[in-house]
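Note sheet for the following structure.
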Amino acid sequence: MSNENSEQIARQTRNSFFQKMIQHENATMFFVLVLIIVIVFFVDFFSSGMVLSKAKFLSGLNISNVMLQVAVTGIMALGITLVMLMGDIDLSIGWMMCFVGTTSAYLLRNFGWSGWMIILAGVVISVFFQLLMGFIISRTKLESFIISLGFMSIYRGFTYLVTNGREITLGGNFKFLGKTSIKLTPTFKLYTPVLIFIILAILLWLIMKYTKFGRRIYAVGGNEKAAFLSGINVMNFKLMVFGISGLFMAIASMTQLSRLGTGNPLMGQGKEIDVIAAVVVGGTALSGGKGNIWGTVIGVILLGIISNALNILGVNPHYQYIMKGLLIILSVLVGYYSSVRKNNVKS
Amino acid sequence: MKNNLILEMKGIQKAFPGVKVFDNFNFDLIKGEVHCICGENGAGKSTLIKMLSGAYLPDKGTIALDEEVILNNTPRLAMGKGIQTIYQEHNLYPLLNVVNNLFAGNEMTNGILLDSKGMIDKTLEILDFLHSEISPFDIVGDLGSGAQKTVEIARALIQKSKILILDEPTSSFSKKEIDFLLNIIKKLSKEGLSIIYISHHLDEVFVIADRVTVIRDGEKVNTYLIEDLDEHKLINDMVGRDVSSFYKRDEAEISDVFYKADNISGNGVTDVSLFVRKGELLGISGMVGSGRTELAELLFGVKEMNQGEIQINGKEVNIDTPLDAIANRMCFITEDRQSTGLFLDHSLVRNTVIASYAKSTSPFVLPSDDVKISEKYIRQMNVITPSVFQKAMYLSGGNQQKVVLAKWFATDCDLFIFDEPTRGIDVGAKEEIYKIMTELLRKGKSIIMISSDMPELIAMSDRVLVMRNGRIVVTIEKSEINEENILQHSIGGSE
Chain L
34 MSNENSEQIA RQTRNSFFQK MIQHENATMF FVLVLIIVIV FFVDFFSSGM
84 VLSKAKFLSG LNISNVMLQV AVTGIMALGI TLVMLMGDID LSIGWMMCFV
134 GTTSAYLLRN FGWSGWMIIL AGVVISVFFQ LLMGFIISRT KLESFIISLG
184 FMSIYRGFTY LVTNGREITL GGNFKFLGKT SIKLTPTFKL YTPVLIFIIL
234 AILLWLIMKY TKFGRRIYAV GGNEKAAFLS GINVMNFKLM VFGISGLFMA
284 IASMTQLSRL GTGNPLMGQG KEIDVIAAVV VGGTALSGGK GNIWGTVIGV
334 ILLGIISNAL NILGVNPHYQ YIMKGLLIIL SVLVGYYSSV RKNNVKS
Chain S
7 MKNNLILEMK GIQKAFPGVK VFDNFNFDLI KGEVHCICGE NGAGKSTLIK
57 MLSGAYLPDK GTIALDEEVI LNNTPRLAMG KGIQTIYQEH NLYPLLNVVN
107 NLFAGNEMTN GILLDSKGMI DKTLEILDFL HSEISPFDIV GDLGSGAQKT
157 VEIARALIQK SKILILDEPT SSFSKKEIDF LLNIIKKLSK EGLSIIYISH
207 HLDEVFVIAD RVTVIRDGEK VNTYLIEDLD EHKLINDMVG RDVSSFYKRD
257 EAEISDVFYK ADNISGNGVT DVSLFVRKGE LLGISGMVGS GRTELAELLF
307 GVKEMNQGEI QINGKEVNID TPLDAIANRM CFITEDRQST GLFLDHSLVR
357 NTVIASYAKS TSPFVLPSDD VKISEKYIRQ MNVITPSVFQ KAMYLSGGNQ
407 QKVVLAKWFA TDCDLFIFDE PTRGIDVGAK EEIYKIMTEL LRKGKSIIMI
457 SSDMPELIAM SDRVLVMRNG RIVVTIEKSE INEENILQHS IGGSE
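Residue numbers (our numbering), protein chains in the order written: chain L, 34 to 380; chain S, 7 to 501.
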């Protein structure tokens, strides 16, 4: 009996590559992404008179622009993926970006701090406040939804206090994080924010795969009590995850600041919606314990491509919000029905 | 006599997957009597109540109320017919006041408006009848345990009541509250209400019962008039299984003391001292609510210890968190594997390796190593699964329990604390788990096993500690371990 059983285990372990691919948890969303790219490409191709050189969607220029547009959202989404895998949520990130970005701009403008110094300041501020929030959430077990909503309002107030509601321009300084790029082909440029996003995604993927931290985050999100009994200091773990998320928020804020060239008090307003939407579309469960980094990357790109496609096809920008909303609902429904189907098959 | 019966159960049969609980069970209740039901943990008392209250349907047999057979019983139907059940846990709306609790879902109305005055008057009348000092406007959550139980009784009385079923109503009550409740019950039965009363506490039984029915493994042993019964007879009836049917375990060599706790208190446990040797299985017995699980939580650092000292291998250690416990080579197989043992939505790989991470200092892991470790222990435990990548939720109860064991085996620990190791597991898997435990003992590991399953406790234990009200009342040595002895101390007979 045990022999038969172990053979069975061994057989299942060596699944074919193709089987593994379609069973992968990101398979559905990846397929949707490819499908949308193909559809948009053909619509664009036909509407530009079937001349390939006139089609804009898959041109190098457009691709580099889409990538640039999603990069900052993407960096934030990576951090929030960690928080959401743990079963928490953070609504404060949009206004935190406004606060951190404008404060850094203020330091550069009024105190003549250098680029590196304001990056350091951004990291310190952002990590400090995320740790503070993480401390409250992990020690009291209060809902992160409501605590982060409170912090959101606090950051909003801070932002207006720092800026008086006006932009703080950088006067042409601090360009290297957002405005530089590497020219790969005559039309395709790899912008620095995109490069940062790609590097962070790979780094986080490696961390999730090869460290205890990466494994434990699923355990805490999957069953907090069992995680505690399995020797995880859940309180400190949560604190640490919020700290790391703060680091990602700092990088995103500074990149956004550099890209815009000005500390706009509304620079991150509403970003939390885009970010959480991308993470959810990427398959991370709000209840925690389920999802992964590549899912988030797919979600970010998918949302970016949809807005871009609607732009290119000349759709009224007001429809974009509606499309985005429908996509979020649709992707959650797909996730729901595929899990229902799986459960039915198994039992 | 026959005309006096308000309730009659005939030829009741009820089975759950893998276990037959009731087989041809008969029971009757006379109008206006207090009928106590006694039996060990798992004798079938709860199942019996649930069939009366409509939560379960019997597979066979009839339940007749006033000579009218109740078909397709549901909780709503049973309540409508006047069978009111008060369960062990409070079943109230803690944020509402007494009046709103009494009439929730059953409001008195004038046309479409609520008849507040009518409801308040009725509440006052009933509270007065019960001689209770509760105000109709008290918020229920602020009341003590005893007062909340009174509110539940009042709620049952407001509805049409012929039969009142009380399941362990006095757990976590003070002496005064118990006396108050018993008085109410006597009064109600004098008013003609028939009462089924379930309790572990023999002293309560002898105070209020008119008749007593003893059940054991889903069979009625006997029904007595209270005058014909004494404690000895009662306990004798509750025990008395055929010992030859018990699992037979191989002996293991017992050597030095591995773990020792001195006068520990906290988490509802008072002044407990215990030790367990290498190769020894220490059984912990006691009725539900006696503080057994609370003790295990204390030992494993899940809950804070207020005082006391713990020694492992003769050295004093601090165990403040489960992490400390794991570092000291302990593990804890909890009672409720689904909510505290497993990550149901995760693969067996993740489930098996997670606790072993606590043992190494390097922050890195290799996914391929995880799979190897997982396969090794999943195979060793003989878990039936198509692959280690299967989600834990798709396994049967017995296999899930083996996955929890695999998780702890991967940490290579020396002291295993089992809380109800075989609850909800079929007979075959049970034996496998006993074999695994025996093998552990043979290797010189120590086991502390909490169990409500009497045959298991007797078959497996080298020593048994009996707990009551958060304290250890007695240590029973191997030669003295038998059902009668354990039960007598658990329910506090003859002292």
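Where is the CB? At the ideal position from N, CA and C, for every residue including glycine.
In this text, all values refer to a predicted model and were calculated from it rather than measured experimentally.
Output the boundary residues of the beta strand (DSSP E) element that contains residue i.
i      : result
S/G404 : Where S/G404 is concerned, there is no enclosing beta strand (DSSP E), although the alpha helix (DSSP H) it sits in stretches over 403 to 415.
S/K66  : 66 to 71
S/E315 : 313 to 318
S/V227 : 225 to 231
L/K216 : 214 to 216
S/R217 : 217 to 222
S/Q90  : 89 to 92
S/D173 : 169 to 173
Using CA coordinates, which residue listed in the options is at the minimum distance from residue i?
i      : options                        : result
S/A331 : S/E303, S/R343, S/G314         : S/E303
S/K16  : S/Q165, S/E381, S/V75, S/G45   : S/V75
S/K20  : S/D34, S/F264, S/L58, S/L471   : S/L58
S/L287 : S/C44, S/E14, S/E300, S/I456   : S/I456
S/I18  : S/E39, S/F33, S/N10, S/I12     : S/F33
S/S271 : S/I316, S/E233, S/V480         : S/I316
L/V67  : L/F79, L/I331, L/K222, L/L194  : L/I331
S/V409 : S/E489, S/S393, S/L421         : S/S393
S/L170 : S/I190, S/S368, S/N488, S/A153 : S/I190
S/F370 : L/N341, L/V274, L/F281, L/K245 : L/K245
L/K357 : L/V314, L/G328, L/I326, L/T329 : L/V314
S/I204 : S/D420, S/A49, S/R255, S/T481  : S/A49
S/K378 : S/V355, S/T367, S/S366, S/L231 : S/V355
S/F338 : S/I423, S/L163, S/V282         : S/I423
S/K413 : S/L493, S/S122, S/E139, S/K365 : S/K365
Got a sec: is the Cβ-Cβ distance from residue i to anything in chain S below 8 Å?
i      : result
L/Y224 : no
L/A252 : yes
L/R172 : no
L/N244 : One detail in the question is off: residue 244 of chain L reads as Thr in this sequence, not Asn. Answer yes: the Cβ-Cβ gap between L/T244 and chain S drops below 8 Å somewhere.
L/R249 : yes
Where do the N-terminal and C-terminal ends of the alpha helix (DSSP H) with residue i fall, by residue?
i      : result
S/A513 : The displayed coordinates of chain S run from 7 to 501. Any statement about residue 513 of chain S would go beyond what the structure contains.
L/L228 : 225 to 243
S/Q503 : Lying outside 7 to 501, the shown extent of chain S, residue 503 of chain S is not represented and no answer is given.
S/F22  : No alpha helix (DSSP H) holds S/F22; the beta strand (DSSP E) holding it covers 11 to 22.
S/E438 : 433 to 448
S/Y383 : 373 to 386
L/V84  : Segment: none, L/V84 is in no alpha helix (DSSP H) and carries neither H nor E.
Can you find a CB in chain L that lies within less than 8 Å of the CB of residue i?
i      : result
S/I340 : It should be pointed out that residue 340 of chain S corresponds to Thr in this sequence rather than to Ile. True, the Cβ-Cβ gap to chain L drops below 8 Å.
S/P427 : no
S/V323 : no
S/F415 : no
S/I316 : no
S/F349 : yes
S/V2   : The question about residue 2 of chain S has no answer, for chain S in this structure spans 7 to 501.
S/S402 : no
S/E501 : In this predicted model, S/E501 has a pLDDT of only 43, less than 50, meaning its place in the structure is not dependable; the value taken from the coordinates is given anyway. It does not; no Cβ of chain L falls within 8 Å.
S/T444 : no
S/L329 : yes
S/V433 : no
S/T346 : yes
S/I332 : yes
Could you work out which residues of chain C lie near residue i, taking near to mean beta carbons separated by less than 9 Å?
i      : result
S/I439 : Judged by its chain identifiers, the structure shown contains no chain C, and its protein chains are L and S.
### Task
Please name the residues in the stretch 256 to 276 of chain L whose beta-carbon is closer than 8 Å to at least one beta-carbon of chain S, in chain order.
N256, K258, A259, A260, F261, L262, S263, G264, I265, N266
#### Entry: Contacting positions in the stretch 369 to 384 of chain S - beta carbon closer than 9 Å to chain L
P369, F370, V371, L372, P373, D376, V377, E381, I384
### Query
Using a Cβ cut-off of 7 Å, which residues of the stretch 295 to 328 of chain L contact any Cβ in chain S, in chain order?
G322, K323
### Message
Output needed in chain order: residues of the stretch 356 to 369 of chain S with a Cβ under 7 Å from some Cβ in chain L.
### Response
R356, I360, A361, Y363, A364, P369
### Task
May I ask you to list, following chain order, the residues of the stretch 187 to 200 of chain L that have a beta carbon less than 9 Å from some beta carbon of chain S?
none
### Query
Can you list, in chain order, the residues of the stretch 453 to 474 of chain S whose Cβ is nearer than 8 Å to any Cβ on chain L?
none
### Message
List, from N- to C-terminal side, the alpha helix (DSSP H) runs of 4 residues or more that fit wholly inside the stretch 92 to 175 of chain L.
### Response
93 to 118, 126 to 144, 148 to 173
### Query
Along the chain, which unbroken stretches of the beta strand (DSSP E) at least 3 residues long are found entirely within the stretch 112 to 153 of chain S?
Entirely contained in the stretch 112 to 153 of chain S, not one beta strand (DSSP E) run reaches 3 residues.
### Task
Any chance you could list the beta strand (DSSP E) runs of at least 3 consecutive residues sitting entirely within the stretch 29 to 84 of chain S, in chain order?
Listed in chain order, the complete beta strand (DSSP E) runs (minimum 3 residues) inside the stretch 29 to 84 of chain S are 40 to 44, 66 to 71.
### Query
What residues in the stretch 211 to 227 of chain S bring their beta carbon closer than 8 Å to a beta carbon of chain L?
Listed by position along the chain: nothing, the set is empty.
### Task
Mind checking the stretch 283 to 317 of chain S against chain L and listing, in chain order, the residues whose C-beta falls within less than 9 Å of any C-beta there?
F306, V308
### Task
Report the residue ranges of all alpha helix (DSSP H) runs contained in full by the stretch 241 to 310 of chain S; include only those spanning at least 4 residues, in chain order.
For the stretch 241 to 310 of chain S, whole alpha helix (DSSP H) runs of length 4 or above, ordered along the chain, are 298 to 305.
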